[in-house]
Every structure is written in C-alpha cells, then in structure tokens.
Amino acid sequence: ATSSRGGFTNPNLDGLTFVVGVGNKDPITQTFLCSYVVCRRAVSEIRYQSADEQGEDFVRITVNDLGNSGDLGAQSGSVTVSLSLAAGPYNVAPTVNIPGLPDRVAKLNERVDITGIYVEDLDMDKPRWDKLYPEGLMTVWFSLGTGYMDITRLRRYGMRGTLFLGPADGGTDPDCPCLTVNNTCPCNGFRMTTYFKVSGRKVDVKWVVQEVSVWMFVEGTTQLRVTVSDNCNTGFSDDSGVQLPCLTATHSVVIRTIIDVTGPRFLYVDPGKGRDVTSGTVVAGTSDSVTLGQDASAEDNAYSGLTMTLSKAGVEDEKVAIGVYSGANRTATVFVNYVRDTSFTYSINCGTDLAPCGTLQAVINEAGEYGIIRALPGIYSGVGNTNLDMPDKTIDIGSTAGFNQTLIDCGWNSSVAVFAPTKRSRVRLEGFSIRNCLSKRGGAMVMRAVMQRRVNQIDGLGL
180 ATSSRGGFTN
190 PNLDGLTFVV
200 GVGNKDPITQ
210 TFLCSYVVCR
220 RAVSEIRYQS
230 ADEQGEDFVR
240 ITVNDLGNSG
250 DLGAQSGSVT
260 VSLSLAAGPY
270 NVAPTVNIPG
280 LPDRVAKLNE
290 RVDITGIYVE
300 DLDMDKPRWD
310 KLYPEGLMTV
320 WFSLGTGYMD
330 ITRLRRYGMR
340 GTLFLGPADG
350 GTDPDCPCLT
360 VNNTCPCNGF
370 RMTTYFKVSG
380 RKVDVKWVVQ
390 EVSVWMFVEG
400 TTQLRVTVSD
410 NCNTGFSDDS
420 GVQLPCLTAT
430 HSVVIRTIID
440 VTGPRFLYVD
450 PGKGRDVTSG
460 TVVAGTSDSV
470 TLGQDASAED
480 NAYSGLTMTL
490 SKAGVEDEKV
500 AIGVYSGANR
510 TATVFVNYVR
520 DTSFTYSINC
530 GTDLAPCGTL
540 QAVINEAGEY
550 GIIRALPGIY
560 SGVGNTNLDM
570 PDKTIDIGST
580 AGFNQTLIDC
590 GWNSSVAVFA
600 PTKRSRVRLE
610 GFSIRNCLSK
620 RGGAMVMRAV
630 MQRRVNQIDG
640 LGL
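Numbered according to the numbering used here, the sequence shown spans residues 180 to 642.
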C-alpha cells in the first residue's frame with residue numbers, strides 16, 4: 180500500500196509479516212508478506228489515514244505473487260485511487276439554474292414554457308464514512324405568486340423511480356403555503372398548481388424539474404421560484420460523525436403579462452386631431468422604459484395599451500406593449516430584452532381616446548376580432564377614409580355624435596368601402612352621412628362576391 184502523504188493501518192495482524200512498517204499508522208508505505216487467503220483478508224481490511232492538511236493524495240494497492248504457481252516468474256497487479264483531502268467534514272452547496280432571461284413576457288391566458296431547468300449537487304452521491312453508496316435524497320420545490328403551473332414531465336409521464344411528493348423525511352412540509360391543521364399540504368401538486376415539492380434520488384429529481392408551463396389569467400407580474408435542498412447529505416466527512424446543516428440554493432424568474440398585440444378591442448378615430456402613426460428617434464431608454472421625442476403626445480396614458488415597434492438597422496424589429504405613459508416626460512413604460520438607446524427609432528400605432536387614429540383604414544387595421552371603433556365628429560375624406568378594405572373579422576364601426584356630425588366624403592372618385600363578408604365575419608357601419616360617392620364598380624358600397632343572405636341590412640337614412 181502506497182500514498183503520497185497518508186498512512187495505513189491493518190486492524191488484524193494475524194498471518195502478516197511486515198517488510199515495511201509495523202501495521203499501525205505506517206506513513207507513506209506499508210508492505211507485508213502473507214498467504215493467499217490471509218492476503219485477501221488483509222487487503223480488504225486495510226485502512227487509509229489521510230494527512231492533516233487539505234490537498235491531493237492517492238492510494239495505490241499493489242499485489243505480487245512472487246512467482247508462485249507460474250512459469251513466467253513473479254507477476255503483479257495494482258489499482259490506484261485519487262483523493263481530494265479536506266480538513267474535517269464539509270458540504271458543497273447544491274445549485275439550481277433557470278436558463279434564459281430573468282424576465283419573461285406573456286399574453287393573458289397564454290402558456291409560457293420554461294425549459295432547461297437544472298439542479299445539481301456535486302457531493303451528494305460521493306462516498307463518506309457513513310454512506311458508502313449513492314443514497315442521498317434531493318428535494319426541489321417550485322412556488323408561483325399568481326397564475327398556475329404544470330410540471331410538464333409529471334403531467335406527461337407520471338411519477339418514476341424514487342420520486343414522491345413532499346419533503347425527504349415524509350413529514351410535515353415547513354414550506355407549504357396551504358398547511359392544514361392535520362399537517363397536510365393539499366396544494367402540493369403538479370397540475371394547475373401554485374406550489375410543487377418533490378423528493379427523490381438526484382437522477383430522478385434532475386429529470387422531473389427540467390420543464391414547467393405557466394399560465395397567467397390576470398394582468399400583472401408574478402415570480403416563479405425554484406429551490407433545491409441537499410437534505411444534509413454531506414459529501415465528505417471524517418470519522419468524527421459531525422453532521423453539517425442542510426444547504427439550499429434558489430433561482431427565480433419574473434413573468435409579466437402584456438396586452439395582446441393583435442389589437443385592443445376599443446379604438447377611436449378623429450379626422451381632425453388623429454395621427455395614424457407616432458414615430459421618431461428614441462431619446463433615452465432602459466430595460467423598462469423608452470423616452471420619446473417632443474413630437475409625442477403630452478397627455479398622460481395617451482399610448483397606454485398600444486403597440487410600439489422599435490427598429491434599428493441590422494436588428495430585427497421588436498414589438499412591445501406600452502403600459503403607463505407619462506406625457507410630461509414623454510416616457511413609455513415597456514418591457515424589452517435590453518436597453519434601447521438613441522440608435523433606435525420608434526413607431527407607435529394609434530387608437531386610444533387620447534391618441535386616436537387619423538383615418539378610418541388605420542383604425543380598422545388596428546382593430547382585433549370583435550373590435551369596437553368609435554369615430555369622432557368631422558369629415559372623413561381622401562386616402563385612408565374611402566375605398567376602405569374591410570378585414571375578415573367581426574367589427575363594429577360607429578360614430579360618437581351621429582350621422583348629422585359625422586360625414587364620409589368620397590370626392591366623386593371612390594366608394595366608401597369594399598365589403599367581402601364571410602360566414603365568420605360581420606361588419607357593422609352605423610352613424611355616418613355619406614356623399615359624393617362614385618367609382619368604376621358602383622356607388623357608396625361595393626359588395627364583392629357576396630351572397631344575398633350575408634347582407635343583413637343596408638339603411639339609407641342620412642345618405
């Protein structure tokens with residue numbers, strides 16, 4: 180037996196003749212002669228005593244048959260083990276990592292898949308004085324502020340191997356947010372839950388935590404937190420029996436909901452004061468806000484709920500939803516992946532009552548399914564207000580002051596709109612006076628490939 184810094188002891192000296200050492204705490208090298216049977220016993224019982232200082236060492240056991248029962252002379256074999264020495268017992272903390280951005284965005288009722296979650300404990304399954312085999316249990320728990328989550332792999336495949344819900348000792352869960360008087364945790368589950376705790380062998384826990392899906396059903400911000408505990412599975416120890424405290428690690432991501440960028444439901448258009456697009460160069464920016472130019476609206480919350488497109492040469496355009504807007508500072512609260520500086524330009528769509536569109540076509544394009552459009556009083560004429568292209572969706576277009584004050588003027592060279600309704604689309608146009616309409620395809624209204632049963636009503640009052 181040989182090492183670079185340690186020593187060797189053999190508890191049973193019967194049948195051993197020592198060449199180097201005496202069999203008790205022999206430094207560096209211990210060599211003895213013995214019969215075949217005694218040598219097998221002695222090698223299996225030999226004990227290594229590490230040095231008093233931390234560092235690296237090795238243990239090499241060499242056996243030589245001294246030429247017995249062979250024509251080829253003495254033959255030998257050896258095995259070497261490398262060791263990392265520590266002064267007394269110690270524990271390496273576990274780790275957890277959620278890859279990707281620390282903040283995620285999602286639309287209401289939209290699933291957010293978070294994948295690649297990784298947990299590790301480098302010393303959990305290392306042998307030690309009271310644990311010769313990998314038998315440590317790891318515990319991981321997920322908590323979500325608002326919304327719901329699914330543990331994807333459990334939902335798909337169910338429990339496997341050593342996994343079980345709850346803490347490693349099977350007792351009361353001290354972290355349970357819904358602990359009952361009977362010390363049970365009814366909210367600990369893996370389907371549409373806000374809390375999930377699982378324990379098991381490391382290999383099984385690492386498998387189950389890799390994927391989680393989150394849903395947000397209300398506007399706001401929530402935090403997904405993942406915590407891992409080593410359950411006091413100290414990786415290395417001496418013979419003192421000292422047990423170190425349990426160690427944990429935590430990682431979290433923030434999930435924010437945004438307004439659906441397919442278009443708000445309620446939109447406004449004003450032929451006098453409206454603007455189809457507000458654009459300019461970014462004055463300043465952070466990861467949470469963008470400061471606009473002085474041509475932007477001075478009205479608080481004028482652009483709240485609208486979509487802003489951020490552009491830069493060589494960079495893919497990014498659409499973001501605007502939250503709070505400060506008119507005095509021309510600052511829009513948004514969520515972007517990184518800070519936008521003055522090398523970016525911005526373009527904001529229209530449609531709120533404080534930032535209405537300037538043309539009917541622009542507000543129609545902004546409207547989502549079942550959108551409601553309200554036209555303020557005035558004369559709607561020219562490009563964007565005639566020959567309107569009606570989308571294949573259900574929308575309601577009405578005036579706020581009635582047909583006496585809201586006029587569409589075709590200018591003797593166009594019609595109001597081209598309609599091509601389908602079974603899934605319904606367009607309601609009400610409260611407008613229409614004049615001077617003339618086009619190659621007819622007068623005020625052009626119905627393209629329309630079956631008679633799809634035209635519900637044309638009321639000529641006010642024409």
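The beta-carbon is built from N, C-alpha and C at its ideal position, and this holds for glycine as well.
Everything numeric in this text was worked out from a predicted model, so none of it was measured.
DSSP beta-bridge partners for residue i?
i, result
"Gln228", "Gly186"
"Arg607", "Asp575"
"Val298", "Val275"
"Phe445", "Ile551"
"Pro206", "Gly186"
"Thr181", "Thr208 and Arg239"
"Ala463", "Thr470"
"Ala481", "Partner(s): none; Ala481 has no beta bridge."
"Lys376", "Trp320"
"Leu567", "Ala596"
Excluding the 5 residues preceding and the 5 following residue i in the sequence, name in chain order all residues of the same chain whose CB lies nearer than 6 Å to its CB.
i, result
"Asp309", "Annotation note: pLDDT 49 at Asp309 (below 50); position unreliable, coordinate value reported separately. So no residue of the chain qualifies."
"Phe445", "Ile551"
"Thr181", "Thr208 and Arg239"
"Asn480", "Tyr504"
"Thr294", "Glu390"
"Asp193", "none"
"Asn564", "Thr538 and Leu539"
"Leu212", "Thr196"
"Thr465", "Val518"
"Arg617", "Looking at the sequence shown, residue 617 is not Arg but Leu. Excluding residues within five positions, the ones whose Cβ falls inside 6 Å are Trp591."
"Thr188", "Asn203, Lys204 and Arg226"
"Thr692", "One cannot answer for residue 692 here, as it falls past the ends of the chain, which runs 180 to 642."
"Gly557", "Pro450 and Gly451"
"Ile576", "Ile552 and Leu608"
Taking the beta strand (DSSP E) that residue i belongs to, which residues open and close that run?
i, result
"Ala511", "Thr510 to Thr512"
"Val275", "Thr274 to Asn276"
"Ser496", "Residue 496 is actually Asp in this sequence, not Ser. Start and end: Val494 to Ala500."
"Gln402", "Thr400 to Ser408"
"Phe523", "Where Phe523 is concerned, there is no enclosing beta strand (DSSP E), given that its DSSP letter is neither H nor E."
"Arg454", "Counting along the chain, Arg454 falls outside any beta strand (DSSP E), and DSSP gives it neither H nor E."
"Ala285", "Asp282 to Lys286"
"Val199", "Thr196 to Val199"
"Thr531", "Unbroken run through Thr531: none, as it is neither H nor E."
"Asp588", "Thr585 to Asp588"
"Thr488", "Thr486 to Lys491"
"Tyr517", "Here Tyr517 belongs to no beta strand (DSSP E), and DSSP marks it neither H nor E."
"Gly557", "Gly557 to Ser560"
"Ser618", "Taken as a continuous stretch (DSSP letters only), Ser618 belongs to no beta strand (DSSP E), as it is neither H nor E."
Less than 8 Å between the C-beta atoms of residue i and residue j, yes or no?
i, j, result
"Val391", "Asp329", "yes"
"Gly379", "Thr341", "yes"
"Val298", "Pro273", "yes"
"Met487", "Thr436", "no"
"Arg509", "Ala475", "yes"
"Ser408", "Thr318", "yes"
"Glu545", "Gly530", "yes"
"Ser560", "Asp588", "yes"
"Gly453", "Cys364", "no"
"Asn191", "Gly315", "no"
"Thr470", "Ala463", "yes"
"Ser468", "Ala511", "yes"
"Ile543", "Leu485", "no"
"Phe582", "Gly622", "no"
"Arg335", "Trp386", "no"
Looking at the unbroken alpha helix (DSSP H) that takes in residue i, where does it start and where does it end?
i, result
"Gln540", "Leu539 to Glu545"
"Trp394", "No alpha helix (DSSP H) holds Trp394; the beta strand (DSSP E) holding it covers Glu390 to Trp394."
"Asp383", "Lys381 to Val387"
Less than 8 Å between C-beta atoms, sequence neighbours within five positions excluded: which residues of the same chain meet that for residue i?
i, result
"Phe343", "Gly349, Val377, Ser378 and Gly379"
"Ile434", "Asp282, Arg283, Val284, Ala285, Val291, Gly326, Val393, Met395, Thr400, Thr401, Gln402 and Leu403"
"Pro356", "Ser322, Cys366, Thr373 and Tyr374"
"Thr524", "Ser458, Gly459, Thr460, Val461, Leu489, Ser490 and Lys491"
"Ser257", "Arg239, Ile240, Thr241 and Val242"
"Gln228", "Gly185, Gly186, Phe187, Thr188 and Lys204"
Might you give, ordered along the chain, the residues of its own chain that have their beta carbon closer than 7 Å to the beta carbon of residue i, omitting 5 neighbours on each side?
i, result
"Asp250", "none"
"Ile277", "Ile293, Ile296, Val405, His430 and Val432"
"Val260", "Phe237 and Val238"
"Met303", "Gly315, Met317, Lys381, Asp409, Asn412 and Gly414"
"Ala541", "Asp455, Cys529 and Gly563"
* Runs of beta strand (DSSP E) lying entirely within the stretch 301-374, each at least 3 residues, in chain order -> 316-323 and 327-330
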